[in-house]
Every structure is written in C-alpha cells, then in structure tokens.
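*Asks:*
Numbering (the working numbering), first residue to last: -1 to 364.
Structure, rendered in structure tokens:
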C-alpha cells in the first residue's frame, strides 16, 4: 500500500519539510517540469531541476538579487538545485528579512559552492589530509564532526588546497546527515597532539571560518575544544577578532571527561561512547588508525523508534495527499486508463526531493 500511495503522491505534489516539522499548507506543489524554482519558464533557464517553489516574496527577491550578483548574472544547475526553501530561509532570516542584504551573503555561498562543485557533488574525491570526519550522530539527530590534532599535517603550498577540499567534503556530508529535525552539528576538536610548529600557517583556520560563516551558515551548534594546551591559546587569540559574538558563545573549552559528559547530555550515551572510544584510541601508542572518510555514519543508522515514527509520518502525509488526489482525479483524468494512472512520473525522471542526500560511499580509509 505505501508503494501505491507514494506513486500517487509524487504526481500531485508533496509536503515541504525543510526543518523536520511537517508543513500543513495546502497546495504546496512541486513546480512543473517547464518551470524553474522561481516560476520562470524553463526556456529561460534550460535544464534546471524541479525544485519546491519559493512562495515567500522576500525569499524570491533574495534569490533574484543573488543571481544578479553571480558571474554572468545566472545560476548554474547545481546552484539552482541548492536554493531550497530551507537554505534560502537561513540567509533571509539571517539578515532580518532584508532581501538585498540576504542576497549578498547568499551570492557568496553560491559562488563558493560553484568553486568547490566537483568535491561537493562527489565527482572528485579529495586528497584526504587528516582524520577530520563525521564520526557519529546523536539521538537528537545532530552529527558529530571530529578531528584530532595528533593526525594534523602542516599546511604547505603543496597541500593547502587539499586541506580545503577535505574540510568542504566533511562539512557538506555533515549538512546532509541531520535527523529528527536537527539543523546543525557539533564540531569536536581534539587538541591532543597539538604542536604550534605544525599550525603556523593560518590559511586552514581562516578557510574553515569562511565556510562556517556563509556556505554552512548556522551549521554549528557547539564547537567543543578538548584538552587544549596553553600553546593552543595563541591560535585562539589570533582567531577571536574574526569571530562574531554569536559564534564565540558556541565554543566550549573542556577536558576529555567533560567533553564526554557534554555530548551525553545533549546527544545521548551512544554518540558519547563513540567519541570517548576514539579519543581514547588517539591517546594510545598507535592512535586511531582505522576510519572512514568523510563519514562513519551510515544512512540506515536511524533507531527503530525513529524509523517507525518516520514511517507513520510518511503514511499520514501520503494518505492526505492521496485523498486530495482522488478527489480531483475524476475531473482531471476522466479519459485516462487505469494503466496510465499507475505510470508515475517517478519512473520517468529522478525524484525531485528538496535536499538530495549527499554520499561519498566509495571513499574511505581503513
């Protein structure tokens, strides 16, 4: 039965769920194949994906102004696809609903994404540099990004771009790993093994700050700095002037044990145990030598209760859609055969979800 419901639901629209909460608005439909996300005829923007329509006039204006700021005054296919309701709303609300101000930072994010397009899409595998990765996901659905300075490499002219690519791949993966309505992640920076001599080049730090500032705006919930030595505070003092008060308020300097307790209190015992185990391995003679990049979290790791709730929510949503579909089916498809009604558009073109999952399944380090 769910398969039948799903086949009808994709033809008649879907509920927009940009932040984990169900949107009860009626008639929020996917755009026809001949329109782009702003409702323009596809002749003007050939090949753009079918994307949920931006209904808020301020958000529509934000995207139009951002597009004008891009090279050539037009978005690429990937840039259009990324302009989901959820993503555009972050920039629009981040500038107090001012379309011009929001467009300026949205354009910066779109330009950055175009620069790193090959890495973000999985078309090109980064040359992995450190152990930075998505290590776990909490019971609250927030991913845990973890990296240990024991595995850090000095930034040189030869590897700096590789470091940037590595960070971009991990942050993109984290942004696609949220569950339970979570919208940001915790970044755990394990300072064990930190050496000031290996961190004299500030380029990676500034690039990470740039990524967190615009492309992954509001993606950080808490930055947890574990066992930071006194020498690390020299790096911290250099970074402070470039951080907003909002960002600085998210940073916590804690001990190893305090980090585990903090993660357990916010994200549950399972995620805390994973982080505790890896930190302990990194403090052993061999260190943590086996890991998967850019993420150790599998898509099917949702708990049984979450999977059950997701199924119930899906059934409710699709049942509602089916009811609306059936009510108008007779007048719209009165001449259609029963076979044509089951020939879902899903079988003729890729599914047009608001945010496609990001995967690097073929990339790993053992």
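C-beta: ideal position from N, C-alpha, C; glycine also.
These figures come from a predicted structure and were not determined experimentally.
#1: Going by DSSP, which residues form a beta bridge with residue 142?
#2: Sorted by chain position, which residues of the same chain lie with C-beta nearer than 8 angstroms to residue 216's C-beta, five sequence neighbours on each side aside?
#3: Could you tell me whether the segment 103 to 110 touches the segment 58 to 67, using the rule of 3 or more Cβ pairs below 8 angstroms?
#4: So, at 7 angstroms on beta carbons, what are the nonlocal neighbours of residue 161 in its own chain, with the 5 sequence-adjacent residues on each side left out?
#5: Alpha carbon to alpha carbon, how far is residue 272 from residue 70?
#6: Under 8 angstroms between C-beta atoms, does residue 101 make it to chain C?
#7: Looking only at its chain, what residues have a beta carbon closer than 6 angstroms to the beta carbon of residue 229, apart from the 5 residues adjacent to it on each side?
#8: For the segment 193 to 276, list the alpha helix (DSSP H) runs that are entirely contained and at least 4 residues long, ordered along the chain.
#9: Quick check on DSSP: helix, strand or coil for residue 175?
#10: Measuring straight from C-alpha to C-alpha, what distance separates residue 224 and residue 280?
#11: Can you tell me which of the three DSSP states residue 342 falls into?
#12: Are the Cβ atoms of residue 166 and residue 118 separated by less than 8 angstroms?
#13: Determine the closest residue to residue 253 out of 226, 104, 266, with distance taken between C-alpha atoms.
#14: Between the segment 133 to 143 and the segment 255 to 267, can you find at least three pairs of beta-carbon atoms closer than 8 angstroms?
#15: Following the continuous alpha helix (DSSP H) through residue 62, name the residue where it begins and the one where it ends.
#16: Beta-carbon within less than 7 angstroms of residue 54's beta-carbon, same chain only, minus the 5 sequence neighbours each way: which residues are those?
#17: Which residue's Cα is closest to the Cα of residue 74: 84, 113, 86?
#18: With burial defined as no fewer than 16 other Cβ atoms inside 10 Å of the residue's Cβ, what is the status of residue 136: buried or exposed?
#19: List the DSSP bridge partners of residue 293.
#20: Would you give the residue range spanned by the alpha helix (DSSP H) that residue 84 belongs to?
#21: Can you give me the Cβ contacts of residue 100 inside the same chain, cut-off strictly under 6 angstroms, excluding the 5 residues immediately before and after it?
#22: Going by other Cβ atoms of all chains shown within 10 Å of its Cβ, with 16 needed for buried, is residue 218 buried or exposed?
#23: So is residue 177 buried or exposed if we call it buried at 16+ other beta carbons inside 10 Å?
#24: Where does residue 98 fall in DSSP's three states?
#25: Along the chain, where does the alpha helix (DSSP H) that runs through residue 115 open and close?
#26: Would residue 251 and residue 188 be called neighbours here (beta carbons separated by less than 8 angstroms)?
#27: Looking at the unbroken alpha helix (DSSP H) that takes in residue 75, where does it start and where does it end?
#28: When DSSP labels each residue in this structure, what does residue 110 get in the three-state scheme?
#29: Do you know offhand how far residue 220's Cα is from residue 248's?
#30: Tell me whether residue 169 sits in a helix, a strand or coil according to DSSP, three-state version.
#31: Give me, in chain order, the residues of the same chain whose beta-carbon lies closer than 6 angstroms to that of residue 244; leave out the 5 immediate sequence neighbours on both sides.
#32: Report the rounded CA-to-CA distance for residue 158 versus residue 79, giving the unit in angstroms.
*Replies:* Quick answer:
#1: DSSP, once it has assigned bridges, lists 134, 184 as partnering residue 142.
#2: Closer than 8 angstroms at the Cβ level, and outside the excluded window around residue 216, lie 88, 92, 181, 182.
#3: Enough Cβ pairs lie closer than 8 angstroms, so yes.
#4: 127, 153, 202.
#5: Each residue's Cα considered, the two are about 47 angstroms apart.
#6: Chain labels in this structure do not include chain C; a single protein chain is all it has.
#7: Excluding residues within five positions, the ones whose Cβ falls inside 6 angstroms are 194.
#8: Those alpha helix (DSSP H) runs which fall completely within the segment 193 to 276 and span 4+ residues are 201 to 211, 230 to 237, 243 to 246, 254 to 265.
#9: Of the three classes helix, strand and coil, the one that applies to residue 175 here is coil, per DSSP.
#10: Straight-line Cα distance between these residues: approximately 12 angstroms.
#11: The predicted model places residue 342 with a pLDDT of 42, which falls under 50 and marks its position as unreliable; any figure quoted below should be read in that light. Of the three classes helix, strand and coil, the one that applies to residue 342 here is coil, per DSSP.
#12: With contacts defined by Cβ atoms closer than 8 angstroms, residue 166 and residue 118 form a contacting pair.
#13: The candidate whose alpha carbon is nearest that of residue 253 is 226.
#14: Taking 8 angstroms as the limit for Cβ pairs, the verdict is that the segment 133 to 143 does touch the segment 255 to 267.
#15: Per DSSP, residue 62 belongs to the alpha helix (DSSP H) from 55 to 67.
#16: For residue 54, there are no CB contacts under 7 angstroms within the same chain when 5 residues up- and downstream are skipped.
#17: Ranking the options by Cα distance to residue 74, first place goes to 113.
#18: By the 10 Å Cβ count, residue 136 comes out buried.
#19: According to the DSSP secondary-structure assignment, residue 293 is paired through a beta bridge with 132.
#20: Per DSSP, residue 84 belongs to the alpha helix (DSSP H) from 83 to 92.
#21: If the five residues before and after residue 100 are omitted, its C-beta is found closer than 6 angstroms to the C-beta atoms of 60, 89, 90, 93, all from its own chain and listed in chain order.
#22: Sixteen is the threshold: when 16 or more other Cβ atoms of the shown chains lie within 10 Å of the Cβ of residue 218, as they do, the residue is buried.
#23: Burial is judged here by how many other beta carbons sit within 10 angstroms of a residue's own beta carbon; residue 177 has at least 16 and is buried.
#24: If DSSP states are grouped into helix, strand and coil, residue 98 belongs with the helices.
#25: Start and end: 115 to 118.
#26: In terms of Cβ geometry, residue 251 and residue 188 do not form a close pair [threshold 8 angstroms].
#27: Its alpha helix (DSSP H) spans residues 75 to 80.
#28: The answer is helix: DSSP assigns residue 110 an H, G or I state.
#29: The C-alpha of residue 248 is placed about 5 angstroms away from the C-alpha of residue 220.
#30: Looking at residue 169 - three-state DSSP - the assignment turns out to be helix.
#31: Around residue 244: no qualifying Cβ.
#32: Each residue's Cα considered, the two are about 29 angstroms apart.
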